[in-house]
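K.L.:
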Amino acid sequence: MPSFVSYLIHTLFPPSVRLPDILLIDVGLVFGIIGIVVFLTKTGRWGSLWRDWLTTVDHKKIAVMYLIAALLMLFRGGVDALMIRAQLAAPGAHFMPASQYDEVFTTHGTIMIFFMAMPFIFALFNAVVPLMIGARDVAFPRLNAMSYWLFAMGAALFNVSFIIGGSPNAGWTAYPPYTGLAYNPGPGENYYFLALLIAGLGTTMTGINFLVTTIRMRAPGMTLMKMPMFVWSTMVTSALILFAFPPLTVALAMSLFDRLFGSSFFTLAHGGMPMMYVNLFWLFGHPEVYILVIPLFGVFSEVVATYSRKALFGYPLMVVSILAIMFLSYGTWVHHFFTMGAGPGVNAFFGLSTMLIAIPTGVKIFNWIFTMWGGRIQMTTAMLYQLAFIPTFVIGGATGVLLAVVPADYQFHNSYFLIAHFHNVIIGGTVFGLLSALYYWWPKMFGMKLNERQGRWAFWLFFIGFWVTFTPQYFLGLKGMTRRIYTYPAGFGWHQLNVISTVGALIMGAAFVVLVYNIVWSLRFGERDLTGDPWDGRTLEWALPSPVPEYNFARIPVVHERDAWWAMKQRGQSLAGSLRAEDVHDVEMPKNTPIPFLIGVSFFVMGFGMTFKWWPIAIIGFIGVILCLLFSGFDYDDHHHLKADVIRNTEASLGRLQG
Amino acid sequence: MFHQWVKRPYRKLMLVALVAGLFSAGCGQQYVMLDPAGPVGKSELHLMILASIAMAIVIAIVFVLFFYALIRFRDKPGNTAPYRPEWDGHKWLEIVWWVLPAVLLTVIAIPMVKTTYALDRIPKAKDPVVIDVTSLTWKWLFQYPGQHVATVNYAVIPAGEPVLFELTANSPMNAFWVPQLGGMEYTMPNRVLPLWLEASKPGTYWGRSAQFSGIGFEKMMFNVKAVSPAAFQAWAQNTHATASPMTMQDYKQLLKFNTVGNATYGGYPQDTFPTVASGFTLTGSGMYTIEHNKNGIKYLPMTMSTNR
Ligand code: HEM
Ligand SMILES: [Cu+2]
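Chains as they are written, first to last, in our numbering: chain A, 1 to 659; chain B, 1001 to 1308.
#1: Could I get the ranges of all uninterrupted beta strand (DSSP E) runs contained in the stretch 290 to 327 of chain A, with 3 residues as the minimum, in chain order?
#2: Between the alpha carbons of M606 (chain A) and V289 (chain A), how many angstroms are there, rounded?
#3: Using a Cβ-Cβ cut-off of less than 7 Å, list which residues of the stretch 532 to 559 of chain A approach chain B; keep chain order.
#4: Output the residue ranges of the beta strand (DSSP E) runs that lie fully inside the stretch 449 to 507 of chain A and measure 3 residues or longer, sorted by chain position.
#5: What does N347 (chain A) reach in chain B if we use C-beta pairs closer than 8 Å?
#6: So, using beta-carbon positions, are F366 (chain A) and F300 (chain A) closer together than 8 Å?
#7: Who are the neighbours of S264 (chain A) on chain B, taking C-beta pairs under 8 Å?
#8: The beta strand (DSSP E) that contains I595 (chain A), what's its start and end?
#9: Measuring CA to CA, which of A:L630, A:D563 and A:A342 is closest to P596 (chain A)?
#10: Report the residues of the stretch 1027 to 1056 of chain B with a CB closer than 7 Å to any CB of chain A, ordered along the chain.
#11: When you compare the CB of Q378 (chain A) with every CB in chain D, is at least one pair closer than 8 Å?
#12: Looking at the unbroken alpha helix (DSSP H) that takes in G351 (chain A), where does it start and where does it end?
#13: Are there any heavy atoms of ligand 3 lying less than 7 Å away from the beta-carbon of L657 (chain A), as far as the coordinates show?
#14: Check T213 (chain A) in the structure and name its three-state DSSP category.
#15: Cβ of Y183 (chain A) less than 8 Å from any chain B Cβ?
#16: Tell me the rounded alpha-carbon separation between F660 (chain A) and R484 (chain A).
#17: So D1132 (chain B) is in the beta strand (DSSP E); what residue range does that whole segment cover?
#18: For a test of your reading of the model: does the CB of V363 (chain A) fall under 7 Å from any non-hydrogen atom of ligand 1? Yes or no.
#19: 8 Å is my cut-off, CB to CB: does N414 (chain A) come that close to chain B?
#20: For a minimum of 3 consecutive residues, which ranges assigned as the beta strand (DSSP E) are wholly contained in the stretch 90 to 156 of chain A?
#21: Is N169 (chain A) buried or exposed, if buried means 16 or more other CB atoms sit within 10 Å of its CB?
#22: Can you give me the Cβ contacts of L1100 (chain B) inside the same chain, cut-off strictly under 6 Å, excluding the 5 residues immediately before and after it?
#23: Do F393 (chain A) and G477 (chain A) have their C-beta atoms closer together than 8 Å?
#24: Across the stretch 341 to 351 of chain A and the stretch 254 to 270 of chain A, are there enough close Cβ pairs to call them in contact, namely three or more that are closer than 8 Å?
#25: Of the residues A:W460, A:M275, A:E561 and A:L196, which one's Cα is nearest the Cα of T110 (chain A)?
#26: So, do the stretch 1233 to 1241 of chain B and the stretch 1197 to 1210 of chain B have three or more beta carbon pairs nearer to each other than 8 Å?
#27: Please list, in chain order, all residues with a C-beta atom less than 6 Å from at least one heavy atom of ligand 2.
#28: Let me check you understand the geometry: is the CB of T173 (chain A) closer than 7 Å to at least one non-hydrogen atom of ligand 1?
#29: If the criterion is Cβ atoms closer than 8 Å, does the pair V1040 (chain B) and L1197 (chain B) meet it?
#30: Within a Cβ cutoff of 8 Å, which residues of the same chain sit near G510 (chain A), ignoring the five residues on either side of it in sequence?
#31: Would you say S99 (chain A) reaches chain B, if we count a Cβ-Cβ gap shorter than 8 Å as a contact?
#32: By the DSSP assignment, the beta strand (DSSP E) with V1163 (chain B) in it spans what residues?
#33: Whole-angstrom Cβ separation of L1167 (chain B) and V1192 (chain B), contact assumed at under 8 Å?
#34: Let me know the secondary structure DSSP gives E550 (chain A) once reduced to three states.
#35: Once DSSP output is grouped into helix, strand and coil, what is the label at Y175 (chain A)?
#36: E1086 (chain B) CB to nearest chain A CB: under 8 Å?
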C-alpha cells in the first residue's frame, strides 16, 4: 500500500511539474467576486448588506460574522493541511516545491490559531455571553464592532499574501533571524507581522470589552459565584488576552522594524538577540494556548450539565482551577525552549511549573465525569463532542506532561511527538469544543436546529479521522521525524506511518464536507426552534426566544440561583407569557455606525502599503485611521431609543406578553 | 534485538505500555528515541518511561470512571441507575483528585530535576574531545580545536567517552540532534551552547537539524561515526597530516545558501568560531571567553567591565 502511494505520487507529481494551483485560485477568486457583486446587485441587497451587517453593532450579528469568517478560515487552513499531508505521503515526493511547502505549513498554523480558533471563540462570546448574564449588549458595542473589523481586515490582509507577493514562510512562530531580510527578502513575513498586529489589536480590544462586560453588565442578583461557567471562562480568557497580547505585539513590531526600518533587534548582524524574540513570543504563546482552550472548558461545563440533566459538579473548585490556570499559565513559557541552553535551574523550574498547571487542568476532567455521574446522559451531537473530548484531551494532557519532563523534551522537542501533542489538545479540546458549541447554540443563533443525523456522521468522521491522523505522528516522533521538513528519504521507516496519517487527514476533510452540508441543509430544512429552549437548558439564554430579538431581554431578569433558568423552571416560572405590558419600558440601544468598518478598511490599506513599503498608500490608510478615530470621538449621537410599544408588539407576536 | 529489549525490567513495562502497534510496523531499532546508544539518551529514555507509566495510571483511572459513567447513566428507557440532578459536590472525592495527580507528578518531578542537573555536567573525563559545531545554511561544520581538523556534514567521535559539543550558528537557528545519542540543543548566532553526548559503542548514528531554517533545511542531515579512541586519534592525526586545510575562501564558500556533500579538512582558519559569546557553560552561566589550547578547553568568565 505505501509503495503504491509512493508510485502514485511520484508519477502524478514528478519534480518538474509545478501545479498551477495559485493561478487557478486567483482566477476562481476573480470570478467569485464578480459573482457576488452580480448577485447582490440583481437581488438589490447592497443596502441590506450595509445596514444589517457592515454597520451593525449588535453582538448577535457580529457573532454571525465571526462564525462565517471562522468557517471560511477553517476551510482554507484545512486545505493547507491536506496539502501538507499529500506532500508527506511518500518519501522524496514533489507534490509542490519546497518554497511552497514552507508557505503552506506557515499559513496552516497561523490561520488555524489566529484566524480560525480565535474568531470562532469570539463568535461564541458574542453570541451568548450577553444573553447568559441578562444584558442587552456588551459593554462597548462600537468597540466590539471595531474588534471584529480589525480581525476581519487582518485576516484579509493575511490571505491576500497568497495572491499578491507570496505568503509568509517561517512557521507560525516566525523565529528570527530567519524572518530577517538577509534570509527572507520577500514580502511574506511583512504580511505576517502586519496582519497579526492588526488582528491582535482587535483581539486585545475584545479582551477588554468582555472583561468589562462580565464584570459590569451582569443582571441584578448574578454574583460572581452565580455566573455560568461559560461566563467565568470568558472573563478569565479576556484577562489572559489582556496580558498575553502585549508581548506578542512588541515582538511582532520589533521584527517588523528590523525588516522595514533596518533596526537590529533580532538580526544576525549587529549583535541582535534572536533569543529575545523567542522569549517574548512564548510569553504570549503559552497563555495563548490556554486562551484557545479555556473558553471551551466553559462550553463543556454548560454542555455536560445540560445533557446530563444535572448540576455541574464541583462548581467552586472549577472556578478555583480556572483561576489557577490563569495565573500559572504566565509562568511556564520556557517549556517551549528547554533546548536553548537556559541552564538546569531555569529548565527545572519551568518543568515543575508546567507539571503544576497540569493539576488544575486534570481536575476539571474529573469534575465533568462526575457531572455525568448520577445524571441522565442524552447522546446529542453536542454531547458526542463532549464525550469525545474527555478521553482525547486526557491523552493530550498526558503527552504534554511527558514534554514537560525536561530531559525527555530534549528528545521530543520539534519532533512529530510534539506535533501530535498539540493537535491532540487543540483538536481534542478546542475544535471539539467549538463544534460542540456550534450544535448546542445553533438554535439560539439561527432559530433552527442542525440536523442531528448528519451531525452524527460529521462527528464520527471527525473523531475517527483525528485519531487516524495523529496516532501515527506520535510514533513518527519516536522514530525521529522532525517538524516542518519538506520531505524525507526512504529508509527511516517513516513512510507507512505517514501514509496512515494522510488517510486520516482525508477522513477529516470528508467530515468537514459533511459539516458544511449539514449546515446548508439545516438552514433550509432544519427543524425550527419555536420554544427558545430546545435542550431544556439551564442558563438565561434559553429563557429567550430563538432567534433573539434585537433588545435581548424585554425586562432584565433578576437572578437568585446559579442555573437561573433551570431554577425558574423548577419553580414553575417561565418568561414566556409572564411579561406584563406595564413592565416594558423604552430601551436605549447602540446605534449602527460605519466607523468600525471604515477603520478596518483603513488599517487594511495601511498594512498593505507597509507590506510593500509603498509609503503613500500606507499614509493614506493611516490618515483614514486618524479621521475615523476623530470622527468617532466627536460623534455623540451613538444610541437610539427603542419604544416600549415596539417591544410589546414583538413580544406579543412571540406569544410572550401576558393577557 | 528482541531479547535485548526484554532484559531490563523497565523495558518490559514499556513493552506493555507501548509496543502493540510498534513492532508490527517492523524494525524496532528505527524507533531511535527508544533505542539509545549512549548514557545521555538512556537517562532520557528512563524518564520518558517513568513518566509514561505515571500518565498511563492517570489515563486508566479516567477511562474507567468515564466509561462507567457513560454506560451506567445513559438516558434510555428503563435505566434504573439513581438520578440525582442536584448532586453537585463531594468534598472528599474532590480532595482525592487534587491530591492524586499531585502525587503522581511528584514521582516524576524528583528524578526529572535530578536528571536535568546531571545532564548539565559533563562526567569527569581527563580531557574530553571538544567539537565546535556551526550550523550554516544548509550544512553542518564540525571543527576540532584540539585536533586541528574540520569536517562538513559528518563527525567522528571516540566511543566510550563523553564528547563536548559547542554549538553556534552562522545562519538562522537550527537544532543539533543525534537522537540515538541524546537530546538536542539549539544552535544560535552570537551564542555558544554546550552539549555533551557519548556513544557507548562504535557505530554510525544519524543526526539532523530539528529547527526549521529555510528551503534546504530538510537536507541538514549528518552522520556521527563513533570509533574506538585509538582509531579516533589515528583518524585525527592522519587527517591533519594529509587533508588540505580549510582556507578562509573555503569557509566563505560554505556560507553560501546551498547544500553540499561531505568534506574533510586538515585544519581551519582562526576566527571562524566565536571565542567570545554569551550563553551558559557547563560550569556556570554568563558571559565568558573560550580558550582552546593543547591541553583542552578553558572557560574564562568575564567580569562586567570586560563585557562587549
Ligand atoms: C496538561 C496540560 C499541558 C501540558 C503539560 C503541556 C505541555 C507542553 C509542553 C512542555 C510543550 C513544549 C514542547 C516542546 O516544544 O518541546 C507544549 C507545546 C505545545 N502545547 Fe501543550 N501542554 C498542555 C496543554 C496544552 C493545551 C491545552 C494546548 C492548547 C489548547 C496546548 C498547546 C500546545 C501547543 C500549540 C504547543 C506547541 C507550540 C509549537 O511549538 O508550535 N498544550 N505543551
Ligand atoms: Cu506552553
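A virtual CB, placed ideally from N, CA and C, is assigned to each residue, including glycine.
P.N.:
From the atom records:
#1: none
#2: As a working note, residue 606 (chain A) is residue 606 in the first sequence. As a working note, residue 289 (chain A) is residue 289 in the first sequence. If you draw a straight line from the Cα of M606 (chain A) to the Cα of V289 (chain A), it is about 29 Å long.
#3: none
#4: none
#5: Here the question's residue 347 (chain A) lines up with position 347 in the first sequence. The answer, in chain order, is T1116.
#6: Working through the first sequence from its first residue, we reach residue 366 (chain A) at position 366. Working through the first sequence from its first residue, we reach residue 300 (chain A) at position 300. It is not a contact, given that the beta carbons lie outside the stated cut-off.
#7: As a working note, residue 264 (chain A) is residue 264 in the first sequence. The contacting residues do not exist; S264 (chain A) stays about 11 Å from chain B at best.
#8: Position 595 of the first sequence, counted from the first residue, corresponds to residue 595 (chain A). It is not in any beta strand (DSSP E) - I595 (chain A) instead sits in the alpha helix (DSSP H) that spans I595 to T611.
#9: Taking the first residue of the first sequence as position 1, residue 596 (chain A) is located at position 596. It is A:L630 whose Cα lies nearest to the Cα of P596 (chain A).
#10: C1027, Q1030, Y1031, V1032, M1033, L1034, S1043, E1044, L1047, M1048, A1051, S1052 and M1055
#11: Going by chain labels, chain D is absent from the structure shown, which instead holds the protein chains A and B.
#12: As a working mapping, residue 351 (chain A) is identified with position 351 in the first sequence. P344 to M372 is the extent of the alpha helix (DSSP H) around G351 (chain A).
#13: Looking at this structure, you won't find ligand 3 anywhere; what it does contain is ligand 1 and ligand 2.
#14: For the purposes of this step, residue 213 (chain A) is taken as residue 213 along the first sequence, with counting starting at 1. It is helical.
#15: What you label residue 183 (chain A) is simply residue 183 of the first sequence in a count that begins at 1. Taking Cβ atoms only, chain B reaches closer than 8 Å to Y183 (chain A), which makes this a yes.
#16: Outside the modelled stretch of chain A, which goes from 1 to 659, sits residue 660 (chain A), for which no answer is possible.
#17: Residue 1132 (chain B) sits at position 132 when you count from the first residue of the second sequence. From DSSP, the beta strand (DSSP E) with D1132 (chain B) extends over V1129 to L1136.
#18: Here residue 363 (chain A) is taken as the residue at index 363 of the first sequence, counted from 1. V363 (chain A): no, Cβ never under 7 Å from ligand 1.
#19: Within the first sequence, numbered from 1, the residue matching residue 414 (chain A) stands at position 414. Output row for N414 (chain A): interface = yes.
#20: none
#21: The residue given as residue 169 (chain A) occupies position 169 in the first sequence. Buried, by the Cβ-count rule.
#22: Taking the first residue of the second sequence as position 1, residue 1100 (chain B) is located at position 100. Once the five neighbours on either side are set aside, L1100 (chain B) has no close Cβ partner at all.
#23: Your numbering for residue 393 (chain A) matches position 393 in the first sequence. Your numbering for residue 477 (chain A) matches position 477 in the first sequence. In this structure, G477 (chain A) does not lie closer than 8 Å to F393 (chain A) by Cβ.
#24: no
#25: To locate residue 110 (chain A), count along the first sequence from 1; it is residue 110. The shortest C-alpha separation from T110 (chain A) is found at A:L196.
#26: no
#27: Checking every Cβ against the heavy atoms of ligand 2 under 6 Å gives A:H286, A:V289, A:T332, A:H335 and A:H336.
#28: Position 173 of the first sequence, counted from the start, is the residue given in the question as residue 173 (chain A). Flag set: Cβ of T173 (chain A) near ligand 1.
#29: Position 40 of the second sequence, counting from 1, holds the residue named residue 1040 (chain B). Position 197 of the second sequence, counting from 1, holds the residue named residue 1197 (chain B). Against a cut-off of 8 Å, the Cβ pair of L1197 (chain B) and V1040 (chain B) comes out as a contact.
#30: Indexing the first sequence from 1 puts residue 510 (chain A) at position 510. Note that residue 510 (chain A) corresponds to Ala in the displayed sequence, not to Gly. The answer, listed in chain order, is L461 and G465.
#31: Here the question's residue 99 (chain A) lines up with position 99 in the first sequence. It does; some Cβ of chain B falls within 8 Å.
#32: The residue given as residue 1163 (chain B) occupies position 163 in the second sequence. That run of the beta strand (DSSP E) goes V1163 to A1169.
#33: Taking the first residue of the second sequence as position 1, residue 1167 (chain B) is located at position 167. Taking the first residue of the second sequence as position 1, residue 1192 (chain B) is located at position 192. Their Cβ separation, rounded to whole angstroms, is 7 Å, which keeps L1167 (chain B) and V1192 (chain B) in contact under 8 Å.
#34: Here residue 550 (chain A) refers to the residue found at position 550 when the first sequence is read from its first residue. It is coil, neither helix nor strand.
#35: Here residue 175 (chain A) refers to the residue found at position 175 of the first sequence. Coil.
#36: In the second sequence, counting from the first residue as 1, residue 1086 (chain B) sits at position 86. At least one chain A Cβ lies under 8 Å of E1086 (chain B).
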